[in-house]
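Q: As given, the protein sequences belong to chains E and Y, one line each in that order. Going by the UniProt record's numbering, 41 is the number at position 41 of the first sequence; the sequence numbering is gapless. Going by the UniProt record's numbering, 148 is the number at position 148 of the second sequence; the sequence numbering is gapless. C-beta atoms are modelled at their ideal positions from N, C-alpha and C, and glycine is treated no differently. Keep in mind it's a predicted model, so treat the numbers as computed, not measured.
Protein chains: 2
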Amino acid sequence: MSAGAQRERKPRADVQRNRAALLETAQRHFLQHGVGTSLEAVAKEAGVGPATLYRHFPTREALLAAVLQTRSEELVARQADIDQLGDPAEALEQWLRAMEEYFSAFSGLPDPLMAAARAQEPDNPLTIPCHILISATDQYVRAAQLAGRVRASVRGHDLFLAACSVAWIKGTGTEEESLDRLRTLIASGYRRQDTQA
Amino acid sequence: MSAGAQRERKPRADVQRNRAALLETAQRHFLQHGVGTSLEAVAKEAGVGPATLYRHFPTREALLAAVLQTRSEELVARQADIDQLGDPAEALEQWLRAMEEYFSAFSGLPDPLMAAARAQEPDNPLTIPCHILISATDQYVRAAQLAGRVRASVRGHDLFLAACSVAWIKGTGTEEESLDRLRTLIASGYRRQDTQA
DNA sequence: ATCAAAACGGATGCTGCCTCCGTACTTGGT
DNA sequence: ACCAAGTACGGAGGCAGCATCCGTTTTGAT
């Protein structure tokens, strides 16, 4: 009441119920079948018609972005822990691993992520999250550089790409051992004064 | 004649014509629309029915492998040049670039390539080529290691993965400048006694 | 209880994949 | 030149997924 400016109706109950059901089901399907999973199947299993899914999430990316929202928040939460670390090199390392896990949430995720990172598509719902991640990476890189632990030529964007690549390779089913070797290679690439193995 | 063992008929003329037309058209479509291009469209433009395409090439990978055959030979030819180089480190570098270009022939190519590299699918027509490339890379790596120019911990397979990653990123439309930065990062990762930039 | 706005979902048209099967073509022999 | 046997062809068709339209139902407000 009072001088209330909210002239709008209260949002309908079924909207929220359907949205929640869609998100829940979509997450399960993305986990099981990758980002290319059938949206029709998601709708059916969520107990709604296809049109309802498309009304809530006009594109596959929109649905993906919404499902990813939860995980993004987990990532932000992790940042707090990482920032506690005294060693900026260690912080960067952990941050990269955290990003890589985020990128590996669903098989096939790196592709739409890269498409969004390239930006120039301001309506892509994944673009904003991507740029936030790149900025964050750059922060960690700069801190480590100030401490003399990372080569001066490295930028956050480079390591964003590297983490995305590793996640992509992981998604193709490569063995964990090969991934570790690749991670080591990359780490040798950005670190300063490392032991020439 | 003579003690001829060739009891077989001469292969029909239309078979070869159709095969050639299909390969030619497929290459164009792969170039323009990536490896995911519509096979139906390829068949139609080659002037044959869908069944003919599938009879010649039972799977998309089979067609892809056949189209790639030409380019594979170019790659092998390049090896001769590269082997002429006195410097094994330089040779490795050029070999990696050559592989990367090969992987970037069509957009989307790295995915089926990685799937084949993981092997365990002996009937995948791309598996053999992949393993040949990995072996070749290992040769170059070992030579460079003997010359003390590459870290001892690095293996050919690692750099195969790295080259594949770069090609994948290139395929997503990333700017060439970013790619160069990534290549530099990787090079710093495998080289010994480099100038800590 | 009633109304209008809001949301729903089945039906639909489209594209691409892949296979079956009747037909047409090529080869080798006469 | 012709024929028979075998080979390859290609249109038709079933299936799955995408995305949209529009008549119907649900919902919140009065």
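On the three-state DSSP scale, how would you describe Y:Arg-149?
A: Looking at Y:Arg-149 - three-state DSSP - the assignment turns out to be coil, as it is neither helix nor strand.
Q: Would you verify that the beta carbon of Y:Val-141 is, or is not, closer than 8 Å to some beta carbon of chain E?
A: no
Q: Measuring CA to CA, which of Y:Tyr-140, Y:Ala-13, Y:Asn-124 is closest to Y:Arg-97?
A: Y:Tyr-140
Q: Can you have a look at Y:Gly-47 and say buried or exposed, based on whether 16 or more other CB atoms are within 10 angstroms of its CB?
A: exposed
Q: What runs of the alpha helix (DSSP H), each 4 residues or longer, lie entirely inside the region 7-35 of chain E?
A: 13-33
Q: In chain Y, what lies closer than 7 Å to E:Gly-34 by C-beta?
A: Within 7 Å Cβ-Cβ: nothing; E:Gly-34 doesn't reach chain Y, min ~12 Å.
Q: Pick out whichever of Y:Ala-80, Y:Arg-192, Y:Ile-134 has its Cα sitting closest to the Cα of Y:Arg-149.
A: Y:Arg-192
Q: Check whether the region 85-93 of chain Y and the region 10-26 of chain Y are in contact - that is, three or more C-beta pairs closer than 8 Å.
A: No, the region 85-93 of chain Y is not in contact with the region 10-26 of chain Y.
Q: Which of the three DSSP states is assigned to Y:Arg-192 in this structure?
A: coil
Q: Do E:Asp-166 and E:Glu-100 have their C-beta atoms within less than 8 Å of each other?
A: The question names Asp, but residue 166 of chain E in the sequence shown is Val. Yes, Cβ-Cβ distance for E:Val-166 and E:Glu-100 is below 8 Å.
Q: Is it buried or exposed for Y:Leu-63, if we count other Cβ within 10 angstroms and need 16 for buried?
A: buried
Q: For the alpha helix (DSSP H) that contains E:Gln-79, what are its first and last residues?
A: 60-84
Q: Run the CB neighbour count on Y:Pro-112, radius 10 Å, all protein chains shown included, and call it buried at 16 or more, exposed below.
A: buried
Q: Just to make sure I have the definition right: I need the residues of chain E whose C-beta is within less than 7 Å of the C-beta of Y:Met-99. Which are they?
A: Correct list: empty, because the minimum Cβ distance to chain E is about 15 Å.
Q: Can you list, in chain order, the residues of its chain with a C-beta nearer than 8 Å to that of Y:Val-67? Leave out the 5 residues immediately preceding and following it.
A: By the criterion of a C-beta distance shorter than 8 Å, Y:Val-67 is surrounded in its chain by Leu-23, Ala-26, Gln-27, Phe-30, once the five residues flanking it on both sides are discounted.
Q: Output needed in chain order: residues of the region 131-156 of chain E with a Cβ under 8 Å from some Cβ in chain Y.
A: Arg-151, Ala-152, Ser-153, Val-154, Arg-155
Q: Take the Cβ of Y:Asp-87 as the centre, count every other Cβ of all protein chains shown within 10 Å, and call the residue buried at 16 or more, exposed below.
A: exposed
Q: Hey, could you find the ends of the alpha helix (DSSP H) Y:Pro-122 is sitting in?
A: Looking at the DSSP string, Y:Pro-122 is not in any alpha helix (DSSP H), and its letter there is neither H nor E.
Q: On the three-state DSSP scale, how would you describe E:Ala-105?
A: coil
Q: Assuming Y:Ala-65 contacts Y:Leu-161 under a Cβ cut-off of 8 Å, what Cβ separation, rounded to an integer in Å, is found between them?
A: About 20 Å separates the two Cβ atoms, so there is no contact after all.
Q: By DSSP, does Y:Glu-175 sit in helix, in strand, or in coil?
A: When DSSP states are grouped into helix, strand and coil, Y:Glu-175 belongs to the coil group.
Q: Please decide whether E:Ala-3 counts as near chain Y, where near means a Cβ-Cβ distance under 8 Å.
A: Since pLDDT at E:Ala-3 reaches only 42, below the 50 mark, its modelled position is unreliable, and the value read off the structure follows with that caveat. No, because no Cβ of chain Y sits closer than 8 Å to the Cβ of E:Ala-3.
Q: Of all the options Y:Glu-40, Y:Thr-172, Y:His-157, which has the alpha carbon lying nearest to the alpha carbon of Y:Met-114?
A: Y:His-157
Q: Figure out for me which residue from Y:Arg-183, Y:Ala-143, Y:Gly-34 has the closest Cα to the Cα of Y:Ala-105.
A: Y:Gly-34
Q: Given this structure, state the Cα-to-Cα distance separating E:Leu-185 from Y:Arg-118, to the nearest angstrom.
A: 20 Å
Q: Quick check on E:Asp-111 - is its C-beta less than 8 Å from some C-beta in chain Y?
A: With respect to chain Y, the C-beta atom of E:Asp-111 has a partner C-beta closer than 8 Å.
Q: Any Cβ of chain Y within less than 8 Å of the Cβ of E:Ala-115?
A: yes
Q: Kindly indicate which three-state DSSP category E:Gly-47 falls into: helix, strand or coil?
A: In the structure shown, E:Gly-47 sits in coil (DSSP, three-state: anything other than H, G, I, E or B).
Q: Quick check: the Cα distance between E:Ala-116 and Y:Asp-83, rounded to an integer number of angstroms?
A: Roughly 40 Å separates the two Cα atoms.
Q: Indicate, with yes or no, if the ligand PLP has a heavy atom lying under 7 Å from the CB of Y:Gln-145.
A: By its list of ligands, the structure shown contains no ligand whatsoever, and the ligand PLP lies outside what it can speak to.
Q: CB Y:Arg-60 to CB Y:Leu-75, shorter than 8 Å?
A: no
Q: For E:Thr-172, which residues in chain Y fall below 8 Å Cβ to Cβ?
A: Asp-111, Met-114, Ala-115, Arg-118
Q: Starting from Y:Asp-87, trace the alpha helix (DSSP H) both ways and give me its first and last residue.
A: Where Y:Asp-87 is concerned, there is no enclosing alpha helix (DSSP H), given that its DSSP letter is neither H nor E.
Q: Buried or exposed for E:Arg-9, going by 16 or more other Cβ atoms inside 10 Å?
A: For E:Arg-9, the number of other beta carbons within 10 angstroms of its own is below 16, and it is reported as exposed.
Q: Cutting at 8 Å between CB atoms, please list the residues of its own chain near Y:Gly-108, excluding the five before and the five after it.
A: Gly-34, Val-35, Gly-36, Gly-171
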